[in-house]
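>
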Amino acid sequence: MERNIKSDPVRYLEVVKVKRPPFFLIVLFLLILLLPKVSSSVELDGNKPRVFIGNSYFALASRPAERGTFGEGIQDEYMVEFFNVESVDDIGSDMLGNELNHAKIDFNDSEYSWALVVQEGNRNYADVHVDGDGNLAVVKQFGYENLALLAQVGDGNIAKILQYENGNTALVIQLGDENYAKVIQESSGLRLNNRVSILQDGNNHKAFILAGSGTDVGISQVSSVQSNTMIVNASGAMRIDIKHGN
(Lines of atoms letter the chains of each structure in order from A and count residues from 1; the text may use other names and numbers.)
(Lines give C-alpha, C1' and ligand atoms only; values in the text may rest on other atoms or scores of the structure.)
Protein backbone atom coordinates (compact mmCIF):
# COMPACT_ATOMS: atom_id res chain seq x y z
CA MET A 1 0.00 0.00 0.00
CA GLU A 2 1.40 3.39 -0.98
CA ARG A 3 0.29 6.96 -0.42
CA ASN A 4 1.80 10.15 -1.79
CA ILE A 5 1.29 13.75 -0.72
CA LYS A 6 2.70 16.87 -2.33
CA SER A 7 1.73 20.06 -0.52
CA ASP A 8 3.18 22.86 1.60
CA PRO A 9 0.98 23.12 4.78
CA VAL A 10 0.89 20.55 7.58
CA ARG A 11 0.08 17.04 6.35
CA TYR A 12 0.21 13.60 7.87
CA LEU A 13 -0.29 9.99 6.87
CA GLU A 14 -1.00 7.12 9.23
CA VAL A 15 -1.88 3.44 9.33
CA VAL A 16 -2.76 1.01 12.18
CA LYS A 17 -1.16 2.08 15.47
CA VAL A 18 1.06 -0.21 17.53
CA LYS A 19 1.52 0.45 21.24
CA ARG A 20 5.04 0.52 22.67
CA PRO A 21 6.11 1.23 26.28
CA PRO A 22 8.24 4.40 26.81
CA PHE A 23 10.65 2.73 29.27
CA PHE A 24 13.54 2.56 26.81
CA LEU A 25 13.47 6.30 26.21
CA ILE A 26 13.76 6.90 29.95
CA VAL A 27 16.80 4.61 30.11
CA LEU A 28 18.43 6.44 27.18
CA PHE A 29 18.11 9.86 28.77
CA LEU A 30 19.40 8.57 32.12
CA LEU A 31 22.44 7.12 30.38
CA ILE A 32 23.17 10.40 28.64
CA LEU A 33 22.96 12.30 31.92
CA LEU A 34 24.70 9.87 34.28
CA LEU A 35 27.32 7.85 32.41
CA PRO A 36 30.75 9.33 31.53
CA LYS A 37 32.09 9.76 28.05
CA VAL A 38 34.04 6.60 27.33
CA SER A 39 36.46 7.77 24.64
CA SER A 40 37.87 10.87 22.99
CA SER A 41 37.57 9.03 19.70
CA VAL A 42 34.24 7.72 18.49
CA GLU A 43 35.53 5.24 15.96
CA LEU A 44 34.30 2.13 17.74
CA ASP A 45 34.60 -1.54 16.93
CA GLY A 46 34.30 -4.80 18.83
CA ASN A 47 37.60 -4.20 20.66
CA LYS A 48 37.00 -0.67 21.91
CA PRO A 49 35.50 0.17 25.36
CA ARG A 50 31.81 -0.43 25.89
CA VAL A 51 29.63 -0.48 28.98
CA PHE A 52 27.79 -3.74 29.68
CA ILE A 53 24.36 -3.31 31.25
CA GLY A 54 21.94 -6.19 31.48
CA ASN A 55 21.86 -8.02 28.14
CA SER A 56 23.14 -5.12 26.04
CA TYR A 57 26.44 -3.42 25.27
CA PHE A 58 26.22 0.36 25.44
CA ALA A 59 28.68 2.41 23.40
CA LEU A 60 28.43 6.10 24.25
CA ALA A 61 30.21 8.80 22.31
CA SER A 62 30.09 12.59 22.12
CA ARG A 63 33.55 13.60 20.90
CA PRO A 64 34.68 14.29 17.31
CA ALA A 65 36.70 11.88 15.23
CA GLU A 66 38.75 12.92 12.21
CA ARG A 67 35.95 12.45 9.72
CA GLY A 68 32.35 11.38 9.40
CA THR A 69 31.02 8.80 6.99
CA PHE A 70 27.38 9.41 6.17
CA GLY A 71 25.97 6.21 4.69
CA GLU A 72 28.36 3.92 6.58
CA GLY A 73 27.63 0.28 5.69
CA ILE A 74 24.60 1.08 3.50
CA GLN A 75 24.79 -0.81 0.22
CA ASP A 76 23.58 0.56 -3.11
CA GLU A 77 21.09 -2.28 -3.45
CA TYR A 78 19.26 -1.06 -0.33
CA MET A 79 18.96 2.45 -1.78
CA VAL A 80 17.54 1.15 -5.06
CA GLU A 81 15.10 -1.29 -3.46
CA PHE A 82 13.70 1.00 -0.78
CA PHE A 83 14.00 4.51 -2.20
CA ASN A 84 14.62 4.15 -5.96
CA VAL A 85 17.93 5.97 -5.54
CA GLU A 86 21.10 4.52 -7.04
CA SER A 87 23.41 5.15 -4.08
CA VAL A 88 23.93 7.19 -0.92
CA ASP A 89 25.97 9.64 -3.00
CA ASP A 90 22.83 10.53 -4.96
CA ILE A 91 21.03 11.84 -1.86
CA GLY A 92 20.94 15.62 -2.16
CA SER A 93 19.03 18.81 -2.73
CA ASP A 94 18.03 17.84 -6.27
CA MET A 95 15.55 15.39 -4.69
CA LEU A 96 13.63 18.25 -3.06
CA GLY A 97 11.93 19.50 -6.21
CA ASN A 98 10.03 22.78 -6.28
CA GLU A 99 8.43 24.66 -3.38
CA LEU A 100 6.09 21.78 -2.51
CA ASN A 101 6.63 19.15 0.17
CA HIS A 102 6.90 15.49 -0.81
CA ALA A 103 5.77 12.62 1.42
CA LYS A 104 5.58 8.94 0.54
CA ILE A 105 4.74 5.86 2.63
CA ASP A 106 5.07 2.40 1.11
CA PHE A 107 3.83 -0.72 2.92
CA ASN A 108 4.80 -4.12 1.55
CA ASP A 109 3.40 -7.34 3.02
CA SER A 110 2.78 -5.58 6.34
CA GLU A 111 0.15 -5.96 9.06
CA TYR A 112 -0.45 -4.01 12.27
CA SER A 113 2.17 -1.43 11.35
CA TRP A 114 1.82 2.32 11.67
CA ALA A 115 3.54 5.18 9.86
CA LEU A 116 3.27 8.95 10.26
CA VAL A 117 4.71 11.84 8.27
CA VAL A 118 4.23 15.46 9.42
CA GLN A 119 5.63 18.37 7.40
CA GLU A 120 5.61 22.11 8.11
CA GLY A 121 7.44 24.46 5.77
CA ASN A 122 8.50 24.04 2.13
CA ARG A 123 10.63 21.67 0.05
CA ASN A 124 10.72 18.95 2.68
CA TYR A 125 11.09 15.36 1.43
CA ALA A 126 10.13 12.15 3.28
CA ASP A 127 10.16 8.58 1.96
CA VAL A 128 9.14 5.70 4.25
CA HIS A 129 9.27 2.00 3.36
CA VAL A 130 7.89 -0.67 5.73
CA ASP A 131 8.06 -4.43 5.12
CA GLY A 132 6.92 -6.62 8.01
CA ASP A 133 4.48 -6.67 10.91
CA GLY A 134 4.09 -4.51 14.00
CA ASN A 135 6.47 -1.76 12.88
CA LEU A 136 6.31 1.94 13.79
CA ALA A 137 7.79 4.66 11.56
CA VAL A 138 7.57 8.40 12.27
CA VAL A 139 8.99 11.37 10.35
CA LYS A 140 8.39 14.96 11.46
CA GLN A 141 9.87 17.88 9.57
CA PHE A 142 9.58 21.49 10.71
CA GLY A 143 11.41 23.91 8.44
CA TYR A 144 12.73 23.95 4.90
CA GLU A 145 14.69 21.58 2.67
CA ASN A 146 14.79 18.70 5.14
CA LEU A 147 15.23 15.21 3.72
CA ALA A 148 14.36 11.92 5.46
CA LEU A 149 14.62 8.36 4.13
CA LEU A 150 13.45 5.56 6.41
CA ALA A 151 13.16 1.81 5.72
CA GLN A 152 12.29 -1.11 8.00
CA VAL A 153 12.34 -4.78 7.01
CA GLY A 154 11.34 -7.17 9.78
CA ASP A 155 8.93 -7.20 12.69
CA GLY A 156 8.48 -4.99 15.75
CA ASN A 157 10.89 -2.25 14.67
CA ILE A 158 10.58 1.39 15.73
CA ALA A 159 12.19 4.38 13.98
CA LYS A 160 11.65 8.11 14.49
CA ILE A 161 13.20 11.04 12.61
CA LEU A 162 12.60 14.56 13.93
CA GLN A 163 14.04 17.43 11.89
CA TYR A 164 13.93 21.09 12.94
CA GLU A 165 14.97 24.23 11.06
CA ASN A 166 16.58 23.79 7.62
CA GLY A 167 18.86 21.54 5.59
CA ASN A 168 18.84 18.34 7.66
CA THR A 169 19.36 14.93 6.02
CA ALA A 170 18.60 11.61 7.75
CA LEU A 171 18.83 8.06 6.42
CA VAL A 172 17.69 5.12 8.61
CA ILE A 173 17.58 1.47 7.51
CA GLN A 174 16.68 -1.33 9.93
CA LEU A 175 16.92 -4.98 8.85
CA GLY A 176 15.78 -7.50 11.46
CA ASP A 177 13.42 -7.54 14.42
CA GLU A 178 12.85 -5.36 17.49
CA ASN A 179 15.31 -2.64 16.49
CA TYR A 180 14.95 0.95 17.68
CA ALA A 181 16.34 4.13 16.10
CA LYS A 182 15.68 7.77 16.91
CA VAL A 183 17.28 10.77 15.20
CA ILE A 184 16.78 14.37 16.32
CA GLN A 185 18.33 17.03 14.08
CA GLU A 186 18.32 20.79 14.58
CA SER A 187 20.35 23.11 12.40
CA SER A 188 21.13 26.66 13.46
CA GLY A 189 20.80 28.12 9.97
CA LEU A 190 24.53 29.00 9.99
CA ARG A 191 25.81 25.64 8.73
CA LEU A 192 23.51 23.37 6.88
CA ASN A 193 24.56 19.95 5.63
CA ASN A 194 23.56 18.22 8.87
CA ARG A 195 23.69 14.53 7.92
CA VAL A 196 22.95 11.40 9.95
CA SER A 197 22.71 7.79 8.76
CA ILE A 198 21.94 4.61 10.71
CA LEU A 199 22.09 1.01 9.49
CA GLN A 200 21.01 -1.66 11.97
CA ASP A 201 21.23 -5.23 10.70
CA GLY A 202 20.22 -7.92 13.18
CA ASN A 203 17.91 -7.92 16.17
CA ASN A 204 17.42 -5.71 19.24
CA HIS A 205 19.86 -2.98 18.20
CA LYS A 206 19.22 0.54 19.49
CA ALA A 207 20.54 3.92 18.38
CA PHE A 208 19.71 7.38 19.71
CA ILE A 209 21.27 10.35 17.87
CA LEU A 210 21.04 14.05 18.74
CA ALA A 211 22.72 16.12 16.01
CA GLY A 212 23.39 19.84 15.63
CA SER A 213 24.52 21.93 12.67
CA GLY A 214 27.43 20.77 10.54
CA THR A 215 27.24 17.21 11.87
CA ASP A 216 28.22 14.19 9.79
CA VAL A 217 27.31 10.90 11.52
CA GLY A 218 27.44 7.39 10.11
CA ILE A 219 26.47 4.41 12.29
CA SER A 220 26.51 0.76 11.26
CA GLN A 221 25.42 -1.84 13.82
CA VAL A 222 25.58 -5.37 12.45
CA SER A 223 25.35 -8.41 14.73
CA SER A 224 23.34 -11.60 14.83
CA VAL A 225 24.61 -12.74 18.24
CA GLN A 226 24.23 -9.75 20.55
CA SER A 227 22.26 -6.53 20.94
CA ASN A 228 24.10 -3.20 20.65
CA THR A 229 23.05 0.20 21.90
CA MET A 230 24.55 3.46 20.63
CA ILE A 231 23.93 6.90 22.13
CA VAL A 232 25.50 9.88 20.36
CA ASN A 233 25.27 13.58 21.18
CA ALA A 234 26.81 15.41 18.22
CA SER A 235 26.81 19.20 18.31
CA GLY A 236 28.54 22.13 16.70
CA ALA A 237 30.96 21.21 13.90
CA MET A 238 31.58 17.65 15.08
CA ARG A 239 32.20 14.98 12.50
CA ILE A 240 31.71 11.46 13.79
CA ASP A 241 32.53 8.03 12.43
CA ILE A 242 31.20 5.07 14.42
CA LYS A 243 31.64 1.41 13.60
CA HIS A 244 31.00 -1.73 15.58
CA GLY A 245 29.63 -5.16 14.97
CA ASN A 246 29.84 -8.70 16.35
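Everything in the sequence shown is counted per this note's numbering, starting at 1124 for the first residue and increasing by one. C-beta atoms are modelled at their ideal positions from N, C-alpha and C, and glycine is treated no differently.
When the Cα of G1308 is compared with those of G1277, A1271, G1279, which residue comes out closest?
First, the residue type needs correcting, since residue 1308 is Gln and not Gly in the sequence shown. Of G1277, A1271, G1279, the residue nearest in Cα terms is A1271.
> Based on the DSSP output, what are the partners of Q1264 in its beta bridges?
DSSP lists Q1242, Q1286 as partners of Q1264.
> I think D1254 touches V1276, with their Cβ atoms under 8 Å apart; what is that distance to the nearest whole Å?
Indeed, because the Cβ distance is near 5 Å, the residues count as touching under 8 Å.
> Look up E1200 in the DSSP assignment and say whether it is helix, strand or coil.
Three-state result, E1200: helix.
> What are the partner residues of V1295, as DSSP defines its beta bridges?
According to DSSP, which records beta bridges pairwise, V1295 is partnered with L1273, I1321.
> With C-beta atoms as the reference, is L1294 less than 9 Å away from F1193?
It is a contact, given that the beta carbons lie within the stated cut-off.
> With 16 as the cutoff for other CB atoms within 10 Å, does V1211 come out buried or exposed?
The residue in question, V1211, is buried, as its Cβ has 16 or more Cβ neighbours within 10 Å.
> Take I1284 as the anchor and find which of D1229, V1251, M1202, M1218 has the nearest alpha-carbon.
Checking every option, the nearest Cα to that of I1284 belongs to V1251.
> DSSP puts F1331 in a beta bridge; with which residues?
F1331 pairs with K1305, I1354.
> How would you label V1203, buried or exposed, when you count the other beta carbons within 10 angstroms and need 16 or more for buried?
V1203 comes out exposed.
> For my contact list, S1350 and N1327 are in at a C-beta cut-off of 8 Å; report their separation, rounded to the angstrom.
That pair is a contact at about 4 Å.
> Around the Cβ of M1353, are there at least 16 other Cβ atoms within 10 angstroms (buried) or fewer (exposed)?
Answer is buried; the Cβ neighbour count reaches 16.
> Express the C-alpha separation of N1317 and Y1235 in angstroms, rounding to a whole number.
If you take the alpha carbons of Y1235 and N1317, they lie about 33 Å apart.
> Could you please give me the residues that DSSP links to I1281 through a beta bridge?
Per DSSP, L1259, Y1303.
> Helix, strand or coil: which one does DSSP assign to V1340?
Of the three classes helix, strand and coil, the one that applies to V1340 here is strand, per DSSP.
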